[in-house]
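Letter by letter, the sequence shown follows residues 1 to 112 of my numbering. We put the CB at the ideal spot given by N, CA and C, even for glycine. A short write-up of the structure that comes next.
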Amino acid sequence: MPEEPQSKPAATVRVDRELCQTAATCLAFHIYELDDESKAVLLTKNGSNSDDPRNPLLANPDGTIRVEDLLNPDDATSLEEMQAMVLESAQICPFNAIIVHDADGNQIWPPL
């Protein structure tokens, strides 16, 4: 039986604020916090977050962050572990509010 093709690793992530319903399952991961509207935001390595339009680490105005720009205290987590963390956090969100793309811009999660 042929093997299924491996998907590419996570390259970017964003939280869709319209879909986020504050289930807070993502808070199990150190890269998220809730903002003053109780919506999840991504924490970035420069001490800002994905909800700040002045954050120079935003890959797009919609709050997209590159995985390598996420909060990673003391660089203790490898890029591969961060990529896996992003995907896992997206998969446990009951509202599919965490959108993950690979380096080619293909949506990895949620499935299309």
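Annotation for residue 12: 59, 64, 66 and 101 place their beta carbon closer than 6 Å to its own, counting only its chain and skipping 5 residues before and after. When the beta-carbon positions are compared, residue 98 and residue 25 stay at least 7 Å from each other. Shown here, residue 31 sits in coil according to DSSP, grouped into three states, outside any helix or strand. One alpha carbon belongs to residue 54, the other to residue 42, and they sit about 14 Å apart. Looking at the backbone, the Cα of residue 39 and that of residue 20 are separated by about 6 Å.
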